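This report concerns only the one structure given below.
Protein chains in written order, with our numbering: chain A, 1 to 559; chain B, 1001 to 1318.
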């Protein structure tokens, strides 16, 4: 009996769906033609600790941003003051109680990947950890203006600040996404990096953790039914490839779908254009490249004496004016970098406030050096003063291709002026140690800036002069410090203060500000809606989808 | 044998002491890699130094490390916070696979080709093979790797450009599928290393074989009317194997260290790549772990070479 019934039952099971599909309008049918989708993103560093409070940069942050949502997201305008530039994410809405108190109401639909709801205590626990220097590390200084964080019920978080300032909202929502208190609270802060939570994070974002192979890859999968919508790409792999050439080869061969930061030289961009299946996506970045002048004499162990050459502002200005920065930057970055007029990356909204720098003028540079007493008295082509030749050591980290390439151009452009630059290409850790010790004349540094211009305090304030990894050139102008403080904490429009501070920095010439590049991403053309964000490049990955006509076999694989 | 073992242990210990001292003398700050874009506070730095024992005198640091080694604990990576033993064990299979395949190919092809050259000295084949091997020896491995990747992976898309496995391959896929995937990824790095290594084996073998073929015993064998292959392989080659076996002993550490440049170019997740990253980051515990492993492999290689040599040449047996 069963043998005769089975085909009939089977036919009935097939007929019904077939009839439904036949009755569907063509548009609906097209809408059904989606594929699960996959993306292999090639990164240069291992996302070792993709957890808030443990990371602020690089691949770890890229992965962390897929796993953890912020209370609110920064909009495309990158406006960090007030709250008008932000959109809801974990917080459904927010309000201000007074000039120092913000109230956030969490979205009740938000869940951790283990199924527990996101509650106010998660926010309180995370921010409390991050605010304490012993447990929050470098986040503590970023959140130092937060006086108190407390929960009012399960869904409401109240953040109180020490004083009124323009970036209260930004500080509360941007730096540290909440972590699950029920998992994190039992882990001592010093053990978090080595904990199971750091190895297999449980977040609340559109992707959940699947696995990692240390040094090789991290795999995530989309959370189906996520309260912000299910991501269009279900499998996401961050593939770790330390070597830049290997990264590019992997991308060009089709084994990778996207790559962050296609490195100069520009020939690499030409290879991507020529490949046909890839497109370049330039995105404003927080990177700033500059040659720092040491204001202190490296021969003085106490670094109390001014630098015998660069302590004179006329010499510093002469070096700035002699260089054709535009030409150097175009040669290395092509169209994808701006020449900054001050210590401002493309992420900072104040970048347009800096006055335009004086044009390249080697004659003016010569005059300035002559005024400072530098002349070629022995006819060897190098200027000298009181028997000391104008020779400067320029420290360059070997791993940075742009800096290596530009350093040689700087050397060539300053040679006709009678300035001898000895380029010292150093292994990364050696370079860093020397700069932190203040053992350099010129240092080719690069900073990665937050969207907030308040970060200017880190590298250009008297308070941080001589501090390792901060103001290692010991530049100090109390007037600049005052102007920056006014810009940060005044209740009115901060722009005039920023404008004046930037003009003052430009006049002081503490560095040669060389490039503020865009990060150039390479992305396969098979993706639809493939947008990237300046503040967090891959944060919109959940909106991407694969063009069904260009799907690969790997796109159809689901777990 | 006990003497050899003691000698080996002393060699490994000496290598460890040298590596420890030299790494500490080299400039560089292992905690620098932990600094994001913001400076480490003095408090955080002090905590990290205490955690990794960097605040203790050098002698105490070495004693602590050596004590750990005796217990089988190689410490924790400063850069990643992971146990060094785990890092080494994670990377060892990849290095053994690449090194093993290259070793087999290099000696498996190099020896017959060297013998072929020696048996036809001055012929077109000898000159051609000699020229090719010399050219291959002169080519930098990273350059050859980039050319091969550019040709076979990027242009023709026949083979993977980098890595050891396809990251999107289902981990639950059948064994044969996963093995085939690894083999596809192995072709280009193994080919690169074999091409640049084979010349040495060929040239050593050719020179040794030429000397062996001129020995009276071989002439006598020929005079007795023995067939050519028997004369070459049974009488001449056994006398010519010594230098190649010695070379094999030196080559055995390659099994664990891999080749740094090739591992970089092809993103092969082996110990060479790990060592290079650790040195750049001044990750002392990882560098020490790799050094220990390489020193042990070198000692083992030398012992293995002696044993093989003795097996091949009865005159060396005790």
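We put the beta carbon where it would ideally sit given N, CA and C, even for glycine.
Predicted model, so just to flag it, every value in this text is computed and none were measured.
Closest residue to residue i among the options (Cα-Cα distance)
i: residue 1186 of chain B; options: B:1026, B:1049, B:1247, B:1267; result: B:1267
i: residue 298 of chain A; options: A:500, A:104, A:442; result: A:442
i: residue 450 of chain A; options: A:538, A:363, A:344, A:422; result: A:344
i: residue 1142 of chain B; options: B:1116, B:1062, B:1170, B:1195; result: B:1195
i: residue 1303 of chain B; options: B:1084, B:1079, B:1246; result: B:1246
i: residue 1297 of chain B; options: B:1203, B:1045, B:1095; result: B:1095
i: residue 484 of chain A; options: A:495, A:303, A:475; result: A:495
i: residue 512 of chain A; options: A:319, A:543, A:222, A:518; result: A:319
i: residue 1048 of chain B; options: A:250, A:190, A:51; result: A:190
i: residue 349 of chain A; options: A:247, A:249, A:498; result: A:498
i: residue 1312 of chain B; options: B:1237, B:1261, B:1284, B:1287; result: B:1237
i: residue 221 of chain A; options: A:325, A:236, A:212, A:269; result: A:236
i: residue 81 of chain A; options: A:520, A:490, A:177, A:510; result: A:490
i: residue 245 of chain A; options: B:1231, B:1221, B:1263; result: B:1263
i: residue 1063 of chain B; options: B:1233, B:1097, B:1020; result: B:1020
i: residue 1189 of chain B; options: B:1248, B:1219, B:1272, B:1233; result: B:1272
Below-7 Å beta-carbon distance, residue i vs any chain B residue
i: residue 488 of chain A; result: no
i: residue 216 of chain A; result: yes
i: residue 48 of chain A; result: yes
i: residue 433 of chain A; result: yes
i: residue 554 of chain A; result: yes
i: residue 173 of chain A; result: no
i: residue 237 of chain A; result: yes
i: residue 38 of chain A; result: yes
i: residue 193 of chain A; result: yes
i: residue 1 of chain A; result: Note that residue 1 of chain A scores 34 on pLDDT, short of 50, meaning its location in the model is unreliable and no value can be drawn from it.
Exposure of residue i, with buried meaning 16 or more beta-carbon neighbours within 10 Å
i: residue 1254 of chain B; result: buried
i: residue 61 of chain A; result: buried
i: residue 1250 of chain B; result: exposed
i: residue 277 of chain A; result: exposed
i: residue 112 of chain A; result: buried
i: residue 167 of chain A; result: buried
i: residue 361 of chain A; result: exposed
Chain A within 7 Å of residue i, Cβ atoms only
i: residue 1167 of chain B; result: yes
i: residue 1068 of chain B; result: no
i: residue 1037 of chain B; result: Caution is warranted here: a pLDDT of 45 is assigned to residue 1037 of chain B, below 50, making its placement in the model unreliable, and the coordinate value is therefore given only provisionally. Residue 1037 of chain B counts as touching chain A.
i: residue 1298 of chain B; result: no
i: residue 1146 of chain B; result: yes
i: residue 1284 of chain B; result: no
i: residue 1149 of chain B; result: yes
i: residue 1080 of chain B; result: yes
i: residue 1181 of chain B; result: no
i: residue 1059 of chain B; result: no
i: residue 1319 of chain B; result: Lying outside 1001 to 1318, the shown extent of chain B, residue 1319 of chain B is not represented and no answer is given.
i: residue 1028 of chain B; result: yes
i: residue 1265 of chain B; result: yes
i: residue 1269 of chain B; result: yes
i: residue 1157 of chain B; result: yes
7 Å Cβ shell around residue i - same chain, five flanking residues per side excluded
i: residue 390 of chain A; result: 309, 374, 382, 383, 384, 418, 419, 420
i: residue 173 of chain A; result: 70, 71, 72, 86
i: residue 479 of chain A; result: 504
i: residue 55 of chain A; result: 49, 61, 64
i: residue 1009 of chain B; result: none
i: residue 526 of chain A; result: 546, 547, 550
Residues near residue i by beta carbon distance below 6 Å, same chain, minus five either side
i: residue 357 of chain A; result: 341
i: residue 286 of chain A; result: 345, 347, 448, 449
i: residue 254 of chain A; result: none
i: residue 1213 of chain B; result: 1236
Chain-order list of residues whose beta-carbon lies under 8 Å from that of residue i (same chain, five-residue window excluded)
i: residue 568 of chain A; result: Limits of chain A in this structure are 1 at one end and 559 at the other, which puts residue 568 of chain A out of reach.
i: residue 145 of chain A; result: 161, 162, 163, 165, 168, 171
i: residue 1013 of chain B; result: none
- Query: Which residues, in order along the region 1191-1211 of chain B, keep a beta-carbon less than 7 Å from a beta-carbon of chain A?
  - Reply: none
- Contacting positions in the region 239-260 of chain A - beta carbon closer than 9 Å to chain B: 239, 240, 241, 242, 243, 245, 246, 247, 248, 249, 250, 251, 252, 253, 254, 255, 256
- Select from the region 409-437 of chain A all residues with a C-beta closer than 8 Å to any C-beta belonging to chain B, and list them in chain order. 427, 428, 429, 430, 432, 433, 434, 436
- Query: What are the residues of the region 1042-1053 of chain B that lie near chain A, defined by any Cβ-Cβ distance shorter than 8 Å?
  - Reply: 1043, 1044, 1047, 1051
- Item | chain B contacts made by the region 67-89 of chain A, where a contact means CB separation under 7 Å | none
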